[in-house]
Amino acid sequence: MNGGGCSSVSGTGSSIGSGADLSSSTPSSASPVSTGSSSNAAQQQVLMALQNSSSLPELQSQVTQLSDRVLREQRRRRSLEHAVRRLTEENRRLQDESQAAVQQLRRFTEWFFQTIDRQS
Numbered sequence: 001m002n003g004g005g006c007s008s009v010s011g012t013g014s015s016i017g018s019g020a021d022l023s024s025s026t027p028s029s030a031s032p033v034s035t036g037s038s039s040n041a042a043q044q045q046v047l048m049a050l051q052n053s054s055s056l057p058e059l060q061s062q063v064t065q066l067s068d069r070v071l072r073e074q075r076r077r078r079s080l081e082h083a084v085r086r087l088t089e090e091n092r093r094l095q096d097e098s099q100a101a102v103q104q105l106r107r108f109t110e111w112f113f114q115t116i117d118r119q120s
């Protein structure tokens, strides 16, 4: 993205003039932006916002929106992880049931052919 490909929130290596210290101008609600799987994208969006926005309220709004997005993505990730665990357990149960059915079918087949052989 813009900013010379820099993904650092501190602003080092970006084309932002004197805005290197982001912590002094952002609210404490900005901390969730640095966590989660999408933090690089969120940091890049913050850098773009710094370059494209001129007022502090706009920046605070951007940070709030990004924080909300990160929280939504974290909830979605946890939900998907829960679904994967549940499906893994169900898969294991179904495999066990399948193995039991295979054994029953083998025993029945063996009994059936032994019964036929005795009658012949």
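So in the UniProt record's numbering the end of the sequence shown lands on 120, straight run, no missing numbers. We put the CB at the ideal spot given by N, CA and C, even for glycine.
* Which first and last residues belong to the alpha helix (DSSP H) in which Ser67 is found? -> Leu56 to Gln119
Quiz item: Cβ atoms of Leu71 and Gln45: under 9 Å apart, would you say?
Solution: no
Just the Cα atoms here: how many angstroms apart are Leu105 and Ser98? 10 Å
task: Quick one: using the 10 Å Cβ neighbour count with 16 as the cut-off for buried, is Leu94 buried or exposed?
output: exposed
TODO: Using the Cα positions of Gln103 and Gln74, report the straight-line distance between them to the nearest angstrom.
DONE: 44 Å
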